[in-house]
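A short write-up of the structure that comes next.
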Amino acid sequence: MRMNFRLTSDYKPTGDQPTAIKQLVDGLGNGVKEQTLLGVTGSGKTFTMANVIQSVQKPTLVLCHNKTLAAQLYSEFKSFFPDNAIHYFVSYFDYYQPEAYIARSDTYIEKDSQINEEIDRLRHAATDALLSRRDVVIIASVSCIYGIGSVDDYDGMAVVIESGERRVRDKLLRQLMDIQYQRNDVDFHRGVFRVRGDVVDVFPAGEEVAYRIEFFGDEVERILQIDPLTGEILAKPPSIKIFPSSHYVTPQEKLKHALGSIESELDERLKQFKKEGKLLEAQRIGQRTRFDIEMMEETGFVKGIENYSRYL
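Just add 23 to wherever you are in the sequence shown, counting from 1, and you've got this note's numbering.
Right, dumping it as structure tokens:
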């Protein structure tokens, strides 16, 4: 989707702002990689940067040092660019306890965490927008510097559905499961789909609306955008692109190769532990890793899959 940034504000640049905007825009045009905008609190630095974004018309990442500032800037940029894609990307953990081992008591504490569902939706919305359009501003914390899987796999495995096309319903269901959507005909929420005869409802991971795909035989008769709670029809898009429910989706061939690499590293680690006489550690890591491998072979996913991100 090609749209231009369009700044909306009742104010015009004043004082030193026009000069600062011009210098920053000229610097970007001349390939200057590092520039600094100075200003006291309340001097309109965010408004100045909004004008720079409108002038250069490029996707923009705004990196903040904490979530509080990120939320503030997200709100401000949303007001400046109401017609463009302004998104929020921060850590989605409400609670996180890393795994630990207490040798003294031979106690293993498994990693535990609680994910904020709304922030997870916003993260998916941000990555979906980056792959769908150019008029994007991402307001992020340092969470954005950590890898979240392959962009090529994430985009390449997205399911594109067009009204009127030939498509087998059961094949679509298989594709949705391949990109980590779960079938749930009772509890309809993000990341699931439900099936009622020739009608398939999908609730994308990064959206607040759902989509209904109606089949007539092996043809997509029509696509509807619906309210996931009431079922009210909101729009009739000619086509949709459903991005994966997880950022760590992996094509089957790549996953097969990755599992082989994981097993090879496990064998090396087991030999090392046994050589050092650490039989308990060898037993524990072998049991845990083999369980993860089995889960990934069966479902393509496992809790804590980010631990294997170097291979995926």
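C-beta: ideal position from N, C-alpha, C; glycine also.
Problem set entry | Beta-carbon spacing of P267, I171 below 8 Å | no
For this session: Can you tell me which of V325, R311, E140 puts its alpha carbon nearest to the alpha carbon of I132?
Result: R311
Problem set entry | Alpha-carbon to alpha-carbon, Q137 and Q120 | 9 Å
Problem set entry | Limits of the unbroken alpha helix (DSSP H) element including D315 | 302-322
For this session: Give me the Cβ distance between M319 and L278, rounded to the nearest whole Å; I'm assuming they're in contact under 8 Å.
Result: 7 Å
Exercise. With which residues is K56 paired in a DSSP beta bridge?
Worked result: Its beta-bridge partners do not exist; DSSP assigns none.
Problem set entry | Candidates S66, D49, M26, N27, of which the one nearest P36 by Cα | S66
For this session: For F211, I'd like the list of residues in its chain whose CB is within less than 8 Å of its CB, leaving aside the five on either flank, ordered along the chain.
Result: R217, D224, F226, A233, P251
Problem set entry | Integer Cβ distance of I249 from K259, believed to fall under 8 Å | So it is not a contact: roughly 10 Å between Cβ atoms.
Exercise. Looking at the structure shown, is G332 part of a helix, part of a strand, or coil, going by DSSP?
Worked result: For clarity, residue 332 is Ser in the given sequence; the question names Gly instead. It is coil, neither helix nor strand.
Exercise. How long is the line joining the alpha carbons of S269 and T130, rounded to whole angstroms?
Worked result: 31 Å
Problem set entry | Nearest-angstrom Cα separation, counted from V209 out to F100 | 38 Å
For this session: Name, in chain order, the residues that DSSP records as bridge partners for K264.
Result: V183
Exercise. Taking the alpha-carbon positions, what's the P105 to F296 distance?
Worked result: 57 Å
Exercise. Who are Q137's beta bridge partners in DSSP?
Worked result: Y118
For this session: Following the continuous beta strand (DSSP E) through Y234, name the residue where it begins and the one where it ends.
Result: 233-239
For this session: Please go through the segment 163-232 and give each complete beta strand (DSSP E) segment of 3 or more residues, from N-terminal end onward.
Result: 182-185, 215-219, 222-226
Problem set entry | Same chain only: Cβ atoms within 6 Å of V160, ignoring 5 sequence neighbours per side | T83, F100, I109
Problem set entry | Start-to-end residues for the beta strand (DSSP E) that takes in E255 | Where E255 is concerned, there is no enclosing beta strand (DSSP E), given that its DSSP letter is neither H nor E.
For this session: Report yes or no: do three or more beta-carbon pairs, one from the segment 228-242 and one from the segment 172-191, lie closer than 8 Å?
Result: yes
Exercise. Distance, Cα to Cα, P41 vs T31?
Worked result: 17 Å
Exercise. For V272, which of helix, strand or coil comes out of DSSP?
Worked result: coil
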